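In this note's numbering, the protein residues as written are 0 to 425. Glycine included, each C-beta is placed from N, C-alpha and C at the ideal position. These figures come from a predicted structure and were not determined experimentally. Written below as structure tokens is the structure these notes are about.
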């Protein structure tokens, strides 16, 4: 790793450690013993957060009453921001588009019943909750409307649709080529580009990692063949008639075996200069991205937080673990892991139960669209409709406050929300 990157990593790590000491000293295991304290001041702060989020929800619902669901983005508005909003919906619609591509061979397919049947692993579904049926029907309608609008604007022949990501790709091309006009759009695009560069650096690191692993494996196989050949020679020494010659040959073989063993060990010490350069590049961009978590723009926070957690799933933006990331020699934690350390928690599974809702609610608190007909609410509907059908008819705030979280877990969520306000707020 380059010295400046390592130095910066150490400085940032030390800074996070210092900031977290006071919190860590008073932390309790999340969900086993609640993070909440009995202090009246903290209870009052939690009530303030609840009221803020409820007010946001009321404002969002009031706004939606004056706008029909499929007209929330004007049909003739193809500004940078409008395209970005459509791109968010296209991501949510990917599951429906995959169904639509498969159903081309079976025009009689019914999306709602097929979707639910698939989630039940082919078992017969006797009754569908009306809230789920209504939510999934709206989902289908919204995704179809989006597809028609994008294809009409981009002049794509819908009859030639063979890939489920066509809508997503068309919108991404439009986003990359549409000029920004407003201050908001320019601010958003600068962060979109930042994340694109970071994602590209990740891809290059992954490619370099695969190449280095393949090279290590090839070298290891070569050394192993050499070692086996020497072992066979050593076994043949027992047949030598001259003990002195056999001893000299034995010592020579031992020297050669030790030399090969040293090569073997050396081959696993590093993954090569190309890999180290790619790793240094990723760490540099990752440090830069995390510095942009502070701010009040909800779109930027969502974009940067998800990138910082190495996740494409908004419901895991609080803290996310990546099997791919764990294979790499990274020297930084994600923001979610830093928050977990600040509270002295060691169980990722338990912490994520509070961290992910907290991050989503924090996003709502910044002013992101969390109304009952928003893309985010629809994502929660698709994810939780089996165990919590109410997810398909309520706002994001309502879902977490009244359906998804137990009282103690809600207090933990609000504690983490408060931590994010203190650390990410301007």
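Enclosing alpha helix (DSSP H) for residue i [first to last residue]
{"i": "residue 86", "result": "79-91"}
{"i": "residue 422", "result": "406-423"}
{"i": "residue 165", "result": "165-176"}
{"i": "residue 339", "result": "334-341"}
{"i": "residue 400", "result": "That residue, residue 400, is in no alpha helix (DSSP H); it is neither H nor E in DSSP."}
{"i": "residue 451", "result": "Within the shown structure, residues of the chain are numbered from 0 to 425, placing residue 451 beyond reach of any answer."}
Beta-carbon gap between residue i and residue j smaller than 8 Å
{"i": "residue 385", "j": "residue 118", "result": "yes"}
{"i": "residue 363", "j": "residue 134", "result": "no"}
{"i": "residue 273", "j": "residue 351", "result": "no"}
{"i": "residue 335", "j": "residue 318", "result": "yes"}
{"i": "residue 187", "j": "residue 298", "result": "yes"}
{"i": "residue 166", "j": "residue 96", "result": "yes"}
{"i": "residue 415", "j": "residue 353", "result": "yes"}
{"i": "residue 303", "j": "residue 288", "result": "yes"}
{"i": "residue 357", "j": "residue 419", "result": "yes"}
{"i": "residue 333", "j": "residue 371", "result": "no"}
{"i": "residue 314", "j": "residue 355", "result": "yes"}
{"i": "residue 164", "j": "residue 93", "result": "yes"}
Close beta carbons around residue i, own chain, < 8 Å, minus the five adjacent residues each side
{"i": "residue 196", "result": "284"}
{"i": "residue 204", "result": "274, 277, 278, 280, 281, 327"}
{"i": "residue 199", "result": "none"}
{"i": "residue 67", "result": "Low local confidence applies: a pLDDT of 36 at residue 67 is under 50, so the model's placement there is unreliable, with the coordinate-based value given in what follows. Nothing listed; no residue qualifies."}
{"i": "residue 85", "result": "72, 145, 148, 149, 170"}
{"i": "residue 194", "result": "288, 302, 303, 306"}
{"i": "residue 382", "result": "314, 390"}
{"i": "residue 52", "result": "360, 363, 364, 396, 400"}
Top-ranked residue by Cα proximity to residue i, from the options
{"i": "residue 148", "options": "353, 310, 81", "result": "81"}
{"i": "residue 189", "options": "300, 312, 401", "result": "300"}
{"i": "residue 46", "options": "412, 424, 423", "result": "412"}
{"i": "residue 424", "options": "163, 290, 344, 138", "result": "290"}
{"i": "residue 54", "options": "205, 410, 375, 369", "result": "369"}
{"i": "residue 146", "options": "169, 137, 129", "result": "169"}
{"i": "residue 341", "options": "129, 409, 422", "result": "422"}
{"i": "residue 367", "options": "194, 383, 394", "result": "394"}
{"i": "residue 191", "options": "202, 209, 201, 171", "result": "171"}
{"i": "residue 309", "options": "77, 201, 343, 380", "result": "201"}
{"i": "residue 361", "options": "316, 99, 154, 85", "result": "316"}
{"i": "residue 380", "options": "182, 85, 136, 348", "result": "136"}
{"i": "residue 152", "options": "75, 349, 52, 98", "result": "75"}
Helix, strand or coil at residue i according to DSSP, with G and I counted as helix
{"i": "residue 320", "result": "coil"}
{"i": "residue 286", "result": "helix"}
{"i": "residue 132", "result": "helix"}
{"i": "residue 365", "result": "coil"}
{"i": "residue 76", "result": "coil"}
{"i": "residue 156", "result": "coil"}
{"i": "residue 127", "result": "coil"}
{"i": "residue 347", "result": "helix"}
{"i": "residue 47", "result": "helix"}
{"i": "residue 372", "result": "coil"}
{"i": "residue 147", "result": "helix"}
{"i": "residue 118", "result": "helix"}
{"i": "residue 360", "result": "helix"}
{"i": "residue 394", "result": "coil"}
{"i": "residue 331", "result": "coil"}
{"i": "residue 68", "result": "Summary for residue 68: the model assigns pLDDT 38, below 50, so the residue's position carries little reliability; its value from the coordinates is reported in the next sentence. Residue state, collapsed to three classes: helix."}
{"i": "residue 195", "result": "helix"}
{"i": "residue 382", "result": "helix"}
{"i": "residue 311", "result": "coil"}
{"i": "residue 254", "result": "helix"}
{"i": "residue 185", "result": "helix"}
{"i": "residue 387", "result": "coil"}
{"i": "residue 206", "result": "helix"}
{"i": "residue 54", "result": "helix"}
{"i": "residue 274", "result": "helix"}
Contacts around residue i, its chain only, beta-carbon distance under 6 Å, and the 5 residues preceding and following it disregarded
{"i": "residue 374", "result": "87, 88, 91"}
{"i": "residue 138", "result": "377"}
{"i": "residue 79", "result": "177, 179, 184"}
{"i": "residue 162", "result": "none"}
{"i": "residue 157", "result": "150"}
{"i": "residue 338", "result": "none"}
{"i": "residue 142", "result": "92, 95"}
{"i": "residue 63", "result": "Any reading at residue 63 must be qualified, since the residue scores a pLDDT of 45, below 50, and its modelled position is unreliable; the value itself is stated next. Excluding positions up to five away in sequence, the list reads 370, 372."}
{"i": "residue 101", "result": "none"}
Residue i: CB within 7 Å of a non-hydrogen atom of the ligand SAH
{"i": "residue 196", "result": "For the ligand SAH, the structure offers nothing, since it holds no ligand at all."}
Residue-chain proximity (residue i, chain C), Cβ-Cβ < 8 Å
{"i": "residue 74", "result": "In the structure shown, chain C cannot be found, because there is only a single protein chain."}
Cβ shell of residue i (< 7 Å), same chain only, five flanking positions each side left out
{"i": "residue 417", "result": "44, 48"}
{"i": "residue 130", "result": "388, 389, 391, 392"}
{"i": "residue 406", "result": "none"}
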